[in-house]
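Just so we're aligned, residue 555 is where the sequence shown starts under my numbering, counting upward by one.
Backbone N, C-alpha and C define an ideal beta-carbon position, used for all residues, glycine too.
Heads up, the thing below is written out as structure tokens.
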Amino acid sequence: MNILLTGGAGYIGSHTFVALAAAGFTPMILDDFSNSSADVLARLEALTGTPVLCERGDVADVALVGALIAQHTIAAVVHFAGFKAVGESVAQPLKYYRNNVGGIIALLQAMDAANCRTLVFSSSATVYGDPASVPITEDFARSHTNPYGHGKLVCEDMLAALGTSNKAWRFGVLRYFNPVGAHPSGLIGEDPAGVPNNLMPYVAQVAVGQREFLNVWGNDYATPDGTGVRDYIHVQDLAAGHVAALQALLHGGAGGGSFTVNLGTGKGHSVLEVVRAFEQASGKKVPYRIGPRRAGDVAQCYADASLAARLLGWRATQTLPDMCRDAWRWQSRIHGSPRPAASR
Ligand code: NAD
Ligand code: UD1
């Protein structure tokens, strides 16, 4: 079965590409390379042992997407394409609404016209805003604190409305918690441009000597050591979650309808736990300084991941040490080399 991955050259898309190929699907990529490099294609070929089909283009190009779906008899689409920097979404909201909300509208129009009505959507735990308690189940109230998060919420609502309008649509909405780590080969991973916003890439850059120390954003939260607690999930587990979601959507699993599930491990780890685990995995010191809280941060955010287990038979299997080991292998490989990354 042919599966179209919009944004498939990016961090999560590239890992999912490999997992889908291993599971017997034929994935193909549509990417405009606005946040990735075409170098990843050769790496995907090395990892899958087959030529990689990739079209350079914008997901908002209805004619292009429609033609791709028809020409390649696409059975389902996994929609990763979008921008993801929270701070930038506050500074440039229209850029985010245009690409993240406008993009999916165009994609759905193209799919509808081409009679392809099965979609997996990259949502985020950001739709829970500041959760009332943890662990978080899928029926928790949703909210948003920035245009990026608002966009995810609007997309989820649009999919629900479309599903109501035409029962032929099948949606798998996947709410990722905190994806980290890299493929165990060290060939693909995450390499954010500029100063990383997210914890794990920052810690990795400190460990490799690229940055002097980590700023820990607050140690006065109501958590065991006072630092923020998150549900870090290995990108390989996340990729497997997409395979499980597609199998359910295409083979009548999960009750034969649409679903919305958390993809997390169900375990929370503090910033200082991540620092210690990374030091162990890398054998390097990660110096840190305690700073003020970061605006918009919540104390704790981790999933109740039991619905995905029940509906999809999927569970995360990799631990924080596994995530740090693979993030370190990737970081030490790319350090000093000319940006060979999936995501830049
Ligand atoms: P990424 O930036 O590495 O990948 C996104 C890819 O989409 C890039 O290759 C980029 O070039 C491409 N792209 C962007 N706009 C496009 C467009 N208009 N047309 C075609 N291609 C386009 O990001 P990622 O971490 O792999 O995230 C994938 C998805 O998962 C995003 O929708 C993101 O919001 C969501 N998500 C990510 C995280 C995370 O922490 N990484 C967490 C929750 C949700
Ligand atoms: C952030 C985004 C969220 C997005 C997610 C994935 C914010 C407020 N939230 O989530 O919307 O879905 O990334 O892209 O930006 N930390 C430090 N020092 C650092 C970096 C992070 O102490 O240099 C701490 C944070 O305060 C937090 C934890 O590490 O407690 C994880 O941070 P991060 O990796 O940015 O993820 P989230 O805040 O969960």
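- Annotated as proximal: L661 and V619, with beta-carbon spacing under 8 Å.
- Distances between the C-beta of R848 and the heavy atoms of the ligand UD1 include at least one below 7 Å.
- Of all alpha-carbon atoms in E833, D880, D585, L559, the one lying nearest the alpha-carbon of A736 is that of D880.
- Scanning Q801, F587, V734 for the CA closest to the CA of M555 turns up Q801.
- When distances are taken from the beta-carbon of K638 to the heavy atoms of the ligand NAD, the shortest one is below 7 Å.
- For the options L716, S588, D858, D876, the alpha carbon positioned closest to that of W868 is the one of D858.
- Taking a C-beta distance under 8 Å as the contact criterion, Q854 and V757 do not qualify as a contact pair.
- For M712, the three-state secondary structure derived from DSSP is helix.
- The beta carbon of V631 sits no closer than 7 Å to any heavy atom of the ligand UD1.
- Per DSSP, S687 lies in no beta strand (DSSP E) and is assigned neither H nor E.
- The secondary-structure analysis by DSSP pairs S697 across a beta bridge with Y682.
- For A575, the closest of L584, L607, N720 by C-alpha to C-alpha distance is L607.
- In the three-state DSSP reduction, F675 falls in the strand class (E or B).
- In the three-state scheme derived from DSSP, where H, G and I count as helix and E and B as strand, D585 is classed as strand.
- The DSSP-derived three-state label of R887 is helix.
- Within its own chain, the residues whose Cβ lies closer than 8 Å to the Cβ of R883, once the five positions on either side in sequence are excluded, are A736, P738, G740, listed in chain order.
- For N700, same chain residues with a beta-carbon under 7 Å away, outside a window of 5 residues either side, are V640, S643, V644, G850 in chain order.
- Taking V681 as reference, the option from V655, I658, D593, E710 with the minimal CA-CA separation is E710.
- Taking a 10 Å sphere around the C-beta of F731, we find 16 or more other C-beta atoms and assign the residue as buried.
- For P733, the secondary structure class from DSSP, reduced to helix, strand or coil, is strand.
- Residue range 628-633 is occupied by the beta strand (DSSP E) that includes I628, with no alpha helix (DSSP H) assigned at that position.
- The alpha-carbon of Q790 is positioned some 12 Å away from that of L817.
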